[in-house]
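Student: Before I ask anything, let me first share the structure, which is written out below as structure tokens.
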Amino acid sequence: MNTTHSRRLSRLSAGAIAVLGMAALWNASAADTDMATSVRLSPSQYRLTIADIFGTSVRVDGRFEPETRDQGLLAIGARTGNFTDSGLETYDTIARAVASQVLDEHHRAELLGCKPRADTSSDDECARKFFSRVGTLLYRRPLSDAEVQTRVAMAGAEAERLHDFYAGVRLSLAQMLISPQFLFRFKRMEPDPQRPGQERMNAYDRASAISFFLWGTTPDLELLRAAGSGELHTKQGLERQVNRMIASPRVAAAVHAFFADMLQFTEFDAVSKDPEFFPRYTASVKEQAQEQTLRTIVDHVVTRRGDYRDLFTTPHTYLTKDLAALYSVPLVDVRASGQLQRWLPYTYPADDPRIGILSHASFTTLWSPSGRTSPTIRGKALRQNILCQRVPPPPGNVSFQFVDDTSNPQYKTTRDRLTAHSSSPMCAGCHKVTDPLGLALENFDSAGGFRMSENSAVIDVSGEINGKKFDGPVGLARAIRDDPAVTSCVAQRIFAFETGYMPPRDDPQWVEIQKKFAESRYDVLELMRQVALSDLSYGSSGSKLMTAVND
Amino acid sequence: MKSKIETWTRRRVLRGMLAGSAVTVGLPILDCTLNDNGTAFADTGAPLPTRFAAWFWPLGIGEEEWRPKETGVGYELPWRFAALKPYKERMNLFSGSQVHLDGAANQTHFTGVQGYYTGKVTAAGDYFNSTNAIIANTISASRRFRSLSVACDGDAKASWTAYSGGKVPDEVSPVALYRRVFGPEFTDPNAATFVPDAETMARRSVLSAISDERSTLEKSLGAADRQKLDYYFTSLRALEQKLDIQLQKPTPLQACTRPPSVDHDDGHAVGVISAALERHDLFCDILVHALACDQTRVVSLDITQGMSSLRRDGDSTGHHTYTHEEAIDEKLGYQAKVAWFQQEYFKRLVLYADKLDAVKEGDKSLLDHMILFAHTCHGAPRLHSLMNYPFMTIGSANGRIKTGMHVATPGDPATRVTLTMQMAMGVPVTSWGTGSNRVTAPIGGVLV
């Protein structure tokens, strides 16, 4: 027994040395940056990754710790945020549930790829086959023999402890699923042999960055092959892979994930509407509202390769029966009786006030309190999320006495109430920035329904942006479409979605990316392609990028 | 065969524990009795643990009228606190203190709490090391959970709990909290037998192998990423410790019972105050039992975030909107609708205190062995003021604080209140806060 023990230990030690050797090869000089570059796998990336590796019948159940948003994006928060005790606990719970399914009786034959000699004891050969294959996909690089051996030994030991081969593999797999090598994507640098004295991101980390950016999921075997062969370090090799991925329908998942992040749909978790006032706004409609916008965007951006700006004025969208009822749209679905909600394409008539994604319930209801609307909140969301403009916070210890008109407190419309705010010079500065945008959307109530009046007074939906006056939701949509901030904003956000950083504003490469975006008539996939091809995405120092931001 | 087991069980606590050979340990019933005055375990003389519960309500109380005229003991409780009357002699009311901006922008509903709860007023998003977390690191580090925190309106971002790595989102679902604390992994400390779970042992064993990856991984990373990894490993250690605790025979606790199972309320977003407060009570039940069973020693409950959109049933305007729009009633001298919300919250605080007080530990109660600390985002709600902050404590922290007082400290940094809380909980700290919010002594006459 002692002999076996020590042999195993020595095997492990040899493994450890091999791992160290490999790391040294990869690393050489640890990045000197003082900003973290590693990012945590997002819940959406986690789900897609598990589905890619184990198939969609393995469910990712349970709630992840809520993500943190930084500078407008969860993708930046994934870089700047840290794990908490309760957060890792949620990942552990989810990992164990995933591993249990992979090894359950329905899945084990297919997913394991081999049959153990006996169900009640260890079988290193079968475990090794499994971990070599799955390990590469989970860690997004080939595992060294020693790393595989560690998993095999672990699975074997636990199989013996529990008298169950599958339990051993399950525990060892669950462990991989909460390992930092799975949960984090690192951006490790190595000396660049082509450019002495300079660094480049190592090939496998680069493959991960590209894959999560363009497909929202873990690299496929072809991309890993290109990383392993060194192709990803060449201009042509990188371009070949990026073009392949942009051309794939799988790019839709990344577009979906990006816009869900940019439009801050996770905030819907805290949204509820009073069923007494808004009986049609159910929990399921809340989900459908988000999906409506994301489907509209994917159709416009991926299928039609449309101009990004036209998203704000497009009459095309997708609706379900429930959403149609919410919008009072006469959607006839002759085949839907008794079926689940189906998505049907819908085009608004030319004179309809509902054009573009800002008229969607995903915008109008997300940025409204539960009982009534707030043009200030909508205007602020529009400025910050769509135009990337900062709205300063209100000053401290403000007296609202001027709003409290005790002789006549019955302001009928929201505009009446807000006008009282804006009459104070202290408040006017910011409310002038937010309210004229939000007021133009007052035809949409807190739950996304259309209205012409409030408390029996006709709603005035005139608005203004940058000194240009317009009228109502359609006027606002056209003004936003033509605002140059709208395209520079999406470009910044796309870059930050990929890198976790805001772009270096004056960097010639960044200027060039934006120029090409404009030349493509604001084709978002072309923008993504340019970002994926740019050296900026694989630069050595996040801090360099950060200091370059002229905010 | 055994060699494999040894390979993995050589690590830390698990040496010698074998699955299948269940360890059954009979508990001498004397273990769970306390000494005569209920302050310590009879068998060991170890003092009963001191516990800390933070309770956050949104948008303060009212204009100045809520402040008692007298200070010290024997003050008259203003009507705003009528619900708390049964606890008057067991509570303290703090008034007058403020948070200094020192030129920083005021992010309403955030900066004030950031100031008094973390000691620093900085740029938005900078929110680290909150008072309850500092206390948890001192008194609760050995527990199954360092701390537990919940929000009642479905918004995990309502949390005011942050360790050095940043904010810890609140748990929003009573069902999930129940499962986490009292689900299958809970070990009843008063059970007659204790059988370490084989699956838990196996999990503990495989987890320890992750730490073996650390040094390899760190070599390839820069300082900031190593720091980030450090937070991951801190959380991993917490997870390992949780399993370690589950594998040890727990100390019997007279007061510990498993609460009734919670099988509804998944933590969906709610808009009306009645729904949020119903959930509040569900959460209180679980948290009180978690404290009684010593699963954690620090709990935090946030009714909602400061900018509360909770509405009264049938009313389309929320609490926060009313603070801006409601006129001050000339006769009453305050905003009547806003006051209604505050009154509802305080009734719930009393209910929470009742539940804590119903847990008997010796001849005293759990409430006597802790501080229930009530705090809010602003002084006067209408002004969103950073002055005249109301704070309340209920309970005497195992005799470490005096009670029955109104303590007025006009213009004093509110950080002095939180420093006093830390000192009462045994945190070895002598100064706290930065800039004008720095304090070097607790509030006089409160600590014993």
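From first to last, the protein sequence lines stand for chains V and W. Our numbering applies: residue -5 is where the first sequence begins, and numbers increase by one. Our numbering applies: residue 7 is where the second sequence begins, and numbers increase by one. All residues carry an ideal CB built from backbone N, CA and C; glycine is no exception.
(1) If distances are taken between C-alpha atoms only, which option among V:Ser278, V:Gly300, V:Thr307, V:Lys509 comes closest to threonine 314 of chain V?
(2) Could you spell out the range, first to last residue, of the alpha helix (DSSP H) harbouring proline 180 of chain W?
(3) Using a C-beta to C-beta distance shorter than 7 Å, which residues of chain V count as neighbours of asparagine 138 of chain W?
(4) Using a Cβ-Cβ cutoff of 8 Å, what residues of the segment 331 to 357 of chain W are near chain V? List them in chain order.
(5) Report buried or exposed for glutamine 120 of chain W, applying the criterion of at least 16 other Cβ atoms within 10 angstroms of its Cβ.
(6) Specify, as a first and last residue, the run of the beta strand (DSSP E) that glycine 469 of chain V falls within.
(7) Note down, in chain order, every chain V residue with its Cβ under 7 Å from the Cβ of lysine 234 of chain W.
(8) Considering only C-alpha positions, which residue in the set V:Ile204, V:Ile44, V:Glu448, V:Phe206 is nearest to leucine 167 of chain V?
(9) Along the beta strand (DSSP E) that carries glutamate 458 of chain V, what are the first and last residues, could you check?
(10) Within the continuous alpha helix (DSSP H) that includes methionine 29 of chain V, where are the two ends?
(11) Find the residues of chain V that neighbour lysine 126 of chain W, judging by a C-beta separation of less than 8 Å, and give them in chain order.
(12) Does tyrosine 238 of chain W come within less than 7 Å of chain V when only Cβ atoms are used?
(13) Please return the same chain residues whose Cβ sits closer than 6 Å to the Cβ of leucine 283 of chain W, not counting the five positions on each side in sequence.
(14) Can you check DSSP and say which residues form a bridge with proline 339 of chain V?
(15) Of all Cβ atoms in chain V, is any one closer than 7 Å to the Cβ of leucine 307 of chain W?
(16) According to a CB-to-CB cut-off of less than 8 Å, which residues of the segment 257 to 282 of chain W neighbour chain V?
(17) For serine 353 of chain V, name the three-state secondary structure that DSSP assigns.
(18) Taking glutamine 486 of chain V as the reference, which of V:Ser450, V:Ile459, V:Gly432, V:Leu381 has the closest Cα?
(19) Would you check if there are 3 or more beta carbon pairs closer than 8 Å linking the segment 222 to 242 of chain W to the segment 261 to 275 of chain W?
(20) Buried or exposed: where does lysine 109 of chain V fall if 16 or more other Cβ atoms within 10 Å of its Cβ makes it buried?
(21) Identify the contact partners of valine 212 of chain W in chain V, using a Cβ-Cβ distance below 8 Å as the criterion.
(22) I'd like to know if proline 175 of chain W contacts chain V, where contact means its C-beta is closer than 7 Å to some C-beta of that chain.
(23) From the beta carbon of phenylalanine 271 of chain V, is the nearest beta carbon of chain W less than 7 Å away?
(24) Under 8 Å: do the segment 107 to 126 of chain W and the segment 415 to 432 of chain W share three or more Cβ pairs, one atom per stretch?
(25) Can threonine 74 of chain V and lysine 181 of chain V be called in contact, C-beta distance under 7 Å?
(26) Straight-line CA distance for serine 7 of chain V to isoleucine 216 of chain W?
(27) Is the CB of glutamine 365 of chain V under 7 Å away from at least one CB in chain W?
(28) Out of V:Ser531, V:Thr290, V:Leu519, which one is the CA nearest neighbour of methionine 239 of chain V?
(29) Examine chain W for any beta-carbon lying closer than 7 Å to the beta-carbon of alanine 91 of chain V, and answer yes or no.
(30) In the DSSP assignment, find the unbroken beta strand (DSSP E) run with valine 249 of chain V in it and report its ends.
(31) Check this for me: beta carbons of methionine 97 of chain W and isoleucine 400 of chain W, under 7 Å apart or not?
(32) Anyone know if the C-beta pair for isoleucine 459 of chain V and glutamate 436 of chain V falls short of 7 Å?
(33) Between the segment 34 to 42 of chain V and the segment 223 to 232 of chain V, do at least 3 Cβ pairs fall closer than 8 Å?
(34) Can you pull the chain W neighbours of alanine 72 of chain V, defined as C-beta to C-beta under 9 Å?
(35) Can you check which of these residues, V:Asn379, V:Thr62, V:Ser115, V:Arg298, is closest to leucine 257 of chain V by C-alpha distance?
(36) Which residues in chain V sit within 7 Å of threonine 440 of chain W, going by Cβ to Cβ distance?
Tutor: The short version:
(1) V:Ser278
(2) 180 to 188
(3) The premise fails here: asparagine 138 of chain W is roughly 14 Å from chain V at the closest Cβ pair, so nothing lies under 7 Å.
(4) Those residues of the segment 331 to 357 of chain W that come within reach of chain V (Cβ to Cβ, closer than 8 Å) are Glu331, Glu332, Ala333, Ile334, Glu336.
(5) Taking all protein chains in view, the Cβ of glutamine 120 of chain W is crowded by 16 or more other Cβ atoms within 10 Å, so the residue is classified as buried.
(6) Here glycine 469 of chain V belongs to no beta strand (DSSP E); instead the alpha helix (DSSP H) covers 466 to 475.
(7) The contact set of lysine 234 of chain W on chain V, defined by CB atoms closer than 7 Å, consists of Ala30, Ser32, Asn76 in chain order.
(8) V:Ile44
(9) 456 to 459
(10) Taken as a continuous stretch (DSSP letters only), methionine 29 of chain V belongs to no alpha helix (DSSP H), as it is neither H nor E.
(11) Here the premise fails: no neighbours, minimum Cβ distance about 16 Å.
(12) yes
(13) Cβ within range, chain order: Arg354.
(14) V:Tyr312
(15) Leucine 307 of chain W does not count as touching chain V.
(16) His274, Ala275, Val276, Gly277, Val278
(17) Three-state result, serine 353 of chain V: helix.
(18) V:Leu381
(19) Output reads no: the segment 261 to 275 of chain W does not touch the segment 222 to 242 of chain W.
(20) Lysine 109 of chain V is exposed by the Cβ-count criterion.
(21) Neighbours of valine 212 of chain W across chain V, judged by C-beta separation under 8 Å: Met148, Glu152, Leu165, Ser166, Ala168, Gln169.
(22) yes
(23) Taking a beta-carbon distance threshold of 7 Å, phenylalanine 271 of chain V counts as an interface residue toward chain W.
(24) yes
(25) no
(26) Because serine 7 of chain V sits at a pLDDT of 34, beneath the cut-off of 50, its placement in the model cannot be relied upon, and the following sentence gives the value as read from the coordinates. Rounded to whole angstroms, serine 7 of chain V to isoleucine 216 of chain W spans 15 Å at the Cα level.
(27) It should be pointed out that residue 365 of chain V corresponds to glycine in this sequence rather than to glutamine. Glycine 365 of chain V counts as touching chain W.
(28) V:Leu519
(29) Not closer than 7 Å to any Cβ of chain W, the Cβ of alanine 91 of chain V fails to qualify, so no.
(30) That residue, valine 249 of chain V, is in no beta strand (DSSP E); its alpha helix (DSSP H) goes 245 to 256.
(31) yes
(32) For isoleucine 459 of chain V and glutamate 436 of chain V, no; Cβs fall outside 7 Å.
(33) no
(34) Within 9 Å Cβ-Cβ: nothing; alanine 72 of chain V doesn't reach chain W, min ~11 Å.
(35) V:Asn379
(36) Within chain V, no residue comes near threonine 440 of chain W; the closest Cβ sits about 18 Å away, beyond 7 Å.
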